[in-house]
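Asker: Here my numbering is used: the first residue of the sequence shown is 8, the next is one more, and so on.
Shown below is the structure under consideration.
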Amino acid sequence: MVLKPVFTLLFQGAAVVYLLALLFYVFKQYRWAGWTVTFGLLVHTTSQTIRCWRYGFFTLEGAFHAGFFLPWCLAALIVVAWQRNKRQDHHILSALWPLVVVIALVIIIPPTCHNPTPFTPTWSAYLFFIFESLAHACFIMSGWLAVQFLLQRHPQAPFHAYAVWGFVCFSLAQLAGCAWTYLGWGGLFRWGTRHMHSAALWCFYCSYLHTAYLKRFGLRNKARFALAGTLIALVLFYALPLIPRPGRTLAKQQTVMNHAQTAPDQTISAISSSQEAL
8 MVLKPVFTLL
18 FQGAAVVYLL
28 ALLFYVFKQY
38 RWAGWTVTFG
48 LLVHTTSQTI
58 RCWRYGFFTL
68 EGAFHAGFFL
78 PWCLAALIVV
88 AWQRNKRQDH
98 HILSALWPLV
108 VVIALVIIIP
118 PTCHNPTPFT
128 PTWSAYLFFI
138 FESLAHACFI
148 MSGWLAVQFL
158 LQRHPQAPFH
168 AYAVWGFVCF
178 SLAQLAGCAW
188 TYLGWGGLFR
198 WGTRHMHSAA
208 LWCFYCSYLH
218 TAYLKRFGLR
228 NKARFALAGT
238 LIALVLFYAL
248 PLIPRPGRTL
258 AKQQTVMNHA
268 QTAPDQTISA
278 ISSSQEAL
């Protein structure tokens with residue numbers, strides 16, 4: 008695929024720009040850091056757009072894959088928050104730390120984009136992946152700002168707002184997932200491991216929101232609660248999938264992943280031919 012080196016290089020270029028923005032932040036050049044991460048977001052957006060043609064035909068699956076879309080969501084949240092505060096709030100730029108860590112892990116451990124199937128190119132599937140990645144990005148921001156609050160580096164850190172918006176996006180993702188499951192498999196819920204993890208995380212943040220009714224549950228306890236939610240989300244959705252399943256090794260999985268990327272199966276050919284026919 009000719010475009011593959013292009014969007015890969017652009018993605019790596021965005022990572023370098025994000026790292027440069029972090030260096031500006033470390034040396035207290037906050038204005039330079041803000042504009043640099045904004046430029047990095049533009050480069051990253053270009054990479055995600057070109058990724059739509061990674062299979063030889065246009066599909067949104069490549070653009071909204073969590074491994075590559077999650078860093079984009081984090082960068083977008085940072086840029087939007089920085090711009091909304093008229094580029095004066097440099098505390099939000101501290102979130103460049105988790106952004107750089109996340110995108111570095113994506114480069115070191117590249118995720119596998121599953122080949123398109125007849126179940127995935129639907130509006131409900133795209134909405135699910137979009138809202139889920141946005142929710143995870145909000146949870147990461149919430150946890151990071153909670154740490155800043157607990158360390159008293161940012162006494163007014165808006166960790167609660169990001170937790171609330173993360174819960175809203177995650178709820179929308181579950182509704183879109185229900186529609187996707189119904190259209191694809193004839194049911195509103197699939198009792199799989201990942202779906203149980205989603206239900207557990209949703210219940211956790213639902214309980215977090217209800218702490219507002221506890222009079223003695225102060226901001227520091229809320230910050231600890233928000234941080235715990237971030238850790239749970241990272242473990243359930245990003246750490247556990249890296250553990251090989253019984254009877255399978257990571258080497259075998261990587262072989263299958265590489266084969267799937269370099270030799271698209273008949274499903275992709277069928278989808279491509281059907282789109283050309285239309």
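Built from N, CA and C at the ideal position, the CB exists for glycine as well.
So does the region 148–165 actually touch the region 237–247, counting three or more Cβ pairs closer than 8 Å?
Answerer: Yes, since at least three Cβ pairs between the region 148–165 and the region 237–247 fall closer than 8 Å, the two stretches touch.
Asker: Counting pairs of beta carbons, one from the region 111–119 and one from the region 160–170, are three or more of them closer than 8 Å?
Answerer: Cβ pair count under 8 Å is below three, so no.
Asker: Give the C-beta separation of Ala88 and Leu48 to the nearest angstrom, bearing in mind that I take them to be a contact with Cβ-Cβ under 8 Å.
Answerer: Contact doesn't hold; Cβ gap of about 12 Å is too wide.
Asker: Any chance the CB of Gly191 is under 7 Å from a heavy atom of the ligand COA?
Answerer: In terms of ligand content, the structure shown is empty, and the ligand COA therefore cannot be addressed.
Asker: Rounded to the nearest angstrom, what separates Ala258 and Thr119 at their Cα positions?
Answerer: At Ala258, the pLDDT of 45 sits below 50, so the modelled position is not reliable; the number obtained from the coordinates is stated separately. Roughly 14 Å between the two C-alpha positions.
Asker: Taking 8 Å as the threshold (C-beta atoms), are Val171 and Leu216 in contact?
Answerer: yes
Asker: Would you identify the three-state DSSP class for Ile250, choosing helix, strand or coil?
Answerer: coil
Asker: Quick one, which of Leu100, Tyr245, Leu226 and Arg231 has its alpha-carbon nearest His204's?
Answerer: Of the candidates Leu100, Tyr245, Leu226 and Arg231, Tyr245 places its Cα closest to the Cα of His204.
Asker: Quick one: residues in its chain with C-beta nearer than 7 Å to the C-beta of Val86, no 5 flanking neighbours on either side, listed in chain order?
Answerer: For Val86, where only same-chain residues beyond five positions count, the Cβ hits under 7 Å are Val44, Thr45 and Leu48.
Asker: Put Ala183 into one of helix, strand or coil per three-state DSSP.
Answerer: Ala183: helix per DSSP, three-state reduction.
Asker: Can you grab the Cα-Cα spacing for the pair Ala230 / Gly69, in whole Å?
Answerer: Our two residues, Ala230 and Gly69, have alpha carbons roughly 35 Å apart in a direct line.
Asker: Looking at Phe211 and Ala180, is the spacing between their C-beta atoms short of 8 Å?
Answerer: no
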